[in-house]
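**Student:**
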Amino acid sequence: MEKYDPKEIEPKWQKVWEETKLYEAKDEDPQPKFYCLDMFPYPSGEGLHVGHWRGFVLSDVLARFNMLLGKNVLHPMGWDAFGLPAENAAIKRKSHPKIFTDNAIATFKKQLHQIGVMFDWSREINTSDPNYYKWTQWLFLKLYENDLAYRKEAPVNWCPNCQTVLANEQVVSGECERCGSKVIKKNLTQWFFKITNFAEDLLKDLNNLDWPERTKTLQRNWIGKSEGTNIEFRIQNSELKINVFTTRADTLFGCTYVVLSPEHPLLNNLKSQILNLKIVEDYIENAKKKSDLERTELQKEKTGVKLEGIKAINPINNEEIDIYVADYVLATYGTGAVMAVPAHDERDFEFAKKYNIPIKEVIIPERIDKRNPPVAGKEKIERKNVQAIVKDPKTGKFLCLHSKKHNWNTFPMGGINDSENIIVAAKREVTEETGYTNLINEKLLGSPVRAEYFAKHKNQNRVSFTSLVYFELGGNEQIEISVEEKEANDILWIEPKDMNVDFMVHAEMDIWLDWLNNPKHAYTDYGILINSNKFDGLNSKEAQQKITEKLKEIGAGDFTTNYKLRDWLISRQRYWGAPIPIIYCPKCGIVPVPEKDLPVLLPENIEFKPHGESPLKQSEKFLNTTCPKCGEKATRETDTMDTFVDSSWYYIRYTDSQNKNNMADESKIKKWLPVDLYVGGIEHAILHLLYARFISKALHQLKLVNFSPNGEPFTKLFNIGMIYLHGSKMSKSKGNIVSPDELIEKYGTDALRGYELFIGPADQDSEWQVSGITGIYRFLEKVWDFYTNNKIIDQPQEDQMIEKTIKKVTEEIQEFRPNTALSNLMELFNYLRKTDIISKDYAEKINILLAPFFPHLAEEIWQKNGNAGSIFNSSWPKHDETLAKDQKVVVAVQLDGKTKGVIEVNPTASQEEVVNEINKNEKLSKLVDPSKARKIIYIAGRALNFVLK
RNA sequence: GCCGCGGUGGUGGAAUGGCAGACACGCAGGUUUCAAAAACCUGUGAACGCAAGUUCAUGAGAGUUCGACUCUCUCCCGCGGCACCA
């Protein structure tokens, strides 16, 4: 008997598929298209590991499946070939990045062929090829012509190790995404793309994308939209104004100072008026020296300097307030200046405490008593109250009153009038209600809390403003209390664990517990306005609206929307990238390279070791040129573009990768795009995917492409889960790489493909456990033996299990659940091995079911069974719905929800019929007496439950 | 701190309101063999029991329901992202 030998059949079919051009997508094919895209790899020297395989195998299953559905499939591959690692490796080996990259590509290509993925290599691209980067440069020119690319001086992220600037997206918690060095700020003149123009569209259009929610959430957070108010604070005796952004216009009356970030441009204009200029300038100088990371690491202690001699005016109440410069305010967010409201912002609170700045409360918390909610239509009475929390430091217990009448627990409390001292009143209430007189260490906690409730005994709604005072018991001295008080309440000393919202009746209890445990902090939640003139009594939301409207009326502010997203810095001071196609002319200024002169070639003979400036500057031949406008001597821009620019449009190039006259032919772009399925890791959730969406939208806006109504390039995204080894990501530096090569040698490609798919849910991370591959290999042997040994008869056959499997496998591929699709196929073969005859029709259908997962094996079987042509030119089987239906269903028989046994019935059986069957069943009829059941619940075909209790 | 994902046998995982543990790995016993490997068969969540069977069990605790891995709430643990964002 012939044995399953992947080593023989796999290379054979890979060669045949290549020669017959099975995978070449056809531009002229009238069938519906399916553009299936993998995130193209960066060809590193490390080669592919089993983690990379997972995505390629999954996309291949989907591509082959769609091909079998009759679709015209485009599944291309290429190389994200520019980038730092190649350059660094080349420096180390005294080689050239191009040589390094070409070698790496050769290795990758060989490995990708081994996977047996149906890539259309005729469309292969390489971003470092002048035929490709010509169009990257063209893209830059188009953005420049339309004011979407600009140059400005700005404080930018600089990686001292990589010796280049980085985009915001490439700085991960203050460190360089690539090398992990601490990133510092440098003031440099750099090129930016205006991605912020598209912030709203990039955010809004996420809603309609068939992408994983978590990826969309990451993008939403990164874009960071917040709606708020711009407010202008006039500077006294000056024409100058400080513009701030806030989301809390409701707290404006509580603003007691404003803060400028050290980088704020206004500081220059104020110099003449600042009395302590030297101190201020020293502070600014110092702040500049710190990296972003240092600034944020030093979270504990906020620092700042007051600008002596200048005051700002709060536009809402014309109060004079101080101006500070402090580095806790970020230059890069909002307007680089804030209004500080210490009572309602933690940072401002901390700062105000340190520098003795007034803290003014304007928002108080509000609670509705859920146990006694206000009743509509009743009179509403406002009252001021005081509550006392008394702790006995000796026992740790708290004083509490248990109301005999209401059967509830309260703290000592009572009403107060406006003129009364709150602490005195609280003390009085404690003594009156409990008799204790020795109360010490009193503290007023937080602000009053507004609470609404219904007072039954008075038949009225009450609005209380209750202040909370904390005491400690100094001694057990007690005086006699009144008879009424004695009759009304029991005096309890309760354990700290009973200090909770359930034991105590107060609706304000959660807030008080917070204040009791963290006595010193700002109240930052929403609430009700106080100390805010005519805005008093409004809630925060209403007040934000009304106060902003008022500011608008007096010309001191307006509603605005702010985004965290910054413009994309694309200049890089490194060699291995696409040169920015710009010429600087002493006479004409910035002159774009004319389109006809593209590409601006990257010089090959050059010392590319980094030294803080672009290596291209060293090449006289590259640097010196003539101005395309006036013909005078001029110099080229020597920075190269971020490699994310290369990858921001590559999916377009695949549609027409050889085109010499355009980035791609218009009709081909329209034919293939948008991408129907994009498969790749979550690590690109922000960087690549945001940039690609931006570029696609920009190209649409400029009418350079037109393939999608809102310019979205990727209709469906699937994030493949990562494969871990010993709990961490696979990487060569950690030495925990599992290479596919040995596994292919031992088990073959199909087995490894199968295991990659079987390891777990495709969208979740999985731990690599190589032992699992033997199960797949045994399965493939079983499949092989089945087709080798069984008698295939040319007669019709009906089999429910086979029909069901066709149905399930189809659904599971569509739902991206290859792991359960495979377990269904395994079940089918476990079932089939009990038979030795199968119809030709079924044998073929099952053969095709296997094909997307195990293409080599399936193709071999296909051929051995006498079929001409590739299995991938056949068509995906359809199940017969009637045959797939269960003839009998198993119903669980339950007593009070506990399964006692099962019974087989017709799927359409009624409750009575099932009960009859149970009565007939020897075992079950002993257990259950249907006449005793209080209630019978029958879920057709699933369960029948006798409810006894 | 905020947001997201996850927690089920010895292991990877299945089941998204109705028989918990499909499928696979591993392990144990058996068949075969001079022997071993491979293959095949049987068993395999835990506890008690000779057995029939009973009880317990999906991170912990509560709730909703005739019935909860699945829904709701509170909490614990692990992973990932963001973070002085005004």
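Counting in my numbering, the first sequence runs from 60 upward without gaps. All C-beta atoms, glycine included, are put in the ideal place defined by N, C-alpha and C.
Please name the residue in Leu207, Leu597, Phe251 whose C-alpha comes closest to that of Asn227.
**Tutor:** When each option's Cα is compared against that of Asn227, the closest is Phe251.
**Student:** Counting pairs of beta carbons, one from the segment 201-218 and one from the segment 604-623, are three or more of them closer than 8 Å?
**Tutor:** No: the two stretches stay apart, fewer than three of their Cβ pairs being nearer than 8 Å.
**Student:** From the DSSP output, which residues share a beta bridge with Asp381?
**Tutor:** DSSP, once it has assigned bridges, lists Tyr316, Lys370 as partnering Asp381.
**Student:** Between Val434 and Tyr383, how many whole angstroms is the CB-CB distance? I'm expecting something under 8 Å.
**Tutor:** Not really, about 49 Å apart at Cβ, beyond 8 Å.
**Student:** Less than 7 Å between the C-beta atoms of Ala510 and Arg426, yes or no?
**Tutor:** Cβ distance < 7 Å, so Ala510 and Arg426 count as in contact.
**Student:** According to DSSP, is Val231 part of a helix, a strand, or is it coil?
**Tutor:** Here Val231 sits in strand by DSSP.
**Student:** Going by DSSP in three states, Leu624 sits in which element: helix, strand or coil?
**Tutor:** If DSSP states are grouped into helix, strand and coil, Leu624 belongs with coil.
**Student:** Where Glu919 and Gly175 are concerned, what is the direct C-alpha to C-alpha distance, given to the nearest angstrom?
**Tutor:** Taking the straight line from one Cα to the other gives about 14 Å.
**Student:** So His172 is in the alpha helix (DSSP H); what residue range does that whole segment cover?
**Tutor:** Unbroken alpha helix (DSSP H) run through His172: 156-174.
**Student:** In this structure, how does DSSP classify Asn849 when only helix, strand and coil are distinguished?
**Tutor:** Three-state result, Asn849: coil.
**Student:** How is the alpha helix (DSSP H) around Arg152 delimited, first residue to last?
**Tutor:** Here the alpha helix (DSSP H) through Arg152 covers 143-152.
**Student:** Which complete beta strand (DSSP E) runs does the segment 445-525 hold, if anything under 3 residues is left out?
**Tutor:** The qualifying runs are 456-462, 467-469, 472-474, 498-514.
**Student:** Using a Cβ-Cβ cut-off of 6 Å (strictly less than) and excluding sequence neighbours within five positions of Ser673, which residues of its own chain qualify?
**Tutor:** Excluding sequence neighbours, Ser673 sits near Gln632, Thr697, Asp698.
**Student:** May I ask you to list the residues that DSSP assigns as paired with Val974?
**Tutor:** Val974 pairs with nothing; no bridge assigned.
**Student:** Buried or exposed: Met472, going by 16 or more other Cβ atoms within 10 Å of its Cβ?
**Tutor:** That one is buried.
**Student:** Would you call the CB atoms of Val528 and Ala485 closer than 7 Å?
**Tutor:** Result yes, Cβ atoms of Val528 and Ala485 sit closer than 7 Å.
**Student:** Looking at the structure shown, is Ser285 part of a helix, part of a strand, or coil, going by DSSP?
**Tutor:** Note: Ser285 maps to strand in three-state DSSP.
**Student:** My output table needs one value for Lys593: the three-state DSSP class, helix, strand or coil.
**Tutor:** Three-state result, Lys593: helix.
**Student:** Suppose the cutoff is 8 Å on Cβ atoms and the five residues either side in sequence are ignored; what does the same chain contact list for Ile613 look like?
**Tutor:** So the list reads Pro374, once near-sequence residues are dropped.
**Student:** Would you list the residues sitting across from Thr1029 in a DSSP beta bridge?
**Tutor:** The shown model of the chain, from 60 to 1008, leaves out residue 1029, and the question about it has no answer.
**Student:** Assuming Glu771 is part of the beta strand (DSSP E), what are its boundary residues?
**Tutor:** No beta strand (DSSP E) holds Glu771; DSSP gives it neither H nor E.
**Student:** Please go through the same chain and pick out, in chain order, the residues whose beta-carbon is closer than 7 Å to the beta-carbon of Leu325, but skip the five residues on each side of it.
**Tutor:** Result list for Leu325: Leu299, Ile301, Leu319, in chain order.
**Student:** When the Cα atoms are used, what is the spatial distance from Glu666 to Pro156?
**Tutor:** Cα to Cα, the separation comes out at about 11 Å.
**Student:** Would you call the CB atoms of Ser55 and Gln854 closer than 7 Å?
**Tutor:** Here the chain covers residues 60 to 1008 and nothing more, so residue 55 does not appear.
**Student:** At 4 residues or longer, and completely inside the segment 534-595: list those alpha helix (DSSP H) runs for me, N to C.
**Tutor:** Segments of the alpha helix (DSSP H) lying fully in the segment 534-595: 542-547, 568-576.
**Student:** Which residues in the same chain as Asp705 place their Cβ atom closer than 6 Å to its Cβ, once the five residues preceding and following it in sequence are excluded?
**Tutor:** Taken in chain order, the residues that qualify are Phe141, Thr186, Thr195.
**Student:** Use the C-beta contact count for Cys235: other C-beta atoms within 10 angstroms, 16 or more gives buried, fewer gives exposed.
**Tutor:** Counting Cβ neighbours within 10 Å, Cys235 comes out buried, since at least 16 surround it.
**Student:** How about the segment 652-661 and the segment 709-728: do they share at least three Cβ pairs that are nearer than 8 Å?
**Tutor:** Output reads no: the segment 709-728 does not touch the segment 652-661.
**Student:** Would you identify the three-state DSSP class for Arg961, choosing helix, strand or coil?
**Tutor:** Here residue 961 is Val; the residue named in the question, Arg, does not match the sequence. Val961: strand per DSSP, three-state reduction.
**Student:** Let's test the definition: count the other Cβ atoms within 10 Å of the Cβ of Ser934 and tell me whether it reaches 16, buried, or not, exposed.
**Tutor:** The residue in question, Ser934, is exposed, as its Cβ has fewer than 16 Cβ neighbours within 10 Å.
**Student:** How big is the Cα-Cα spacing for Leu346 and Asp386?
**Tutor:** Contrary to the premise, residue 346 reads as Ala rather than Leu in this sequence. Taking the straight line joining both Cα atoms gives about 7 Å.
**Student:** When DSSP builds the beta bridges, which residues end up paired with Met700?
**Tutor:** According to DSSP, Met700 bridges with Ser630.
**Student:** Starting from the C-beta of Glu405, find all residues in its chain whose C-beta is less than 7 Å away, skip the five residues before and the five after it, and write them out in chain order.
**Tutor:** Answer for Glu405: His580, Ala581, Thr583, listed in chain order.
**Student:** Indicate the three-state DSSP secondary structure (helix, strand or coil) for Leu336 in the structure shown.
**Tutor:** Note: Leu336 maps to helix in three-state DSSP.
**Student:** What does Asp269 pair with, by DSSP beta-bridge criteria?
**Tutor:** Lys775.
**Student:** Between which two residues does the beta strand (DSSP E) harbouring Lys92 extend?
**Tutor:** Looking at the DSSP string, the run of the beta strand (DSSP E) that includes Lys92 is 92-97.
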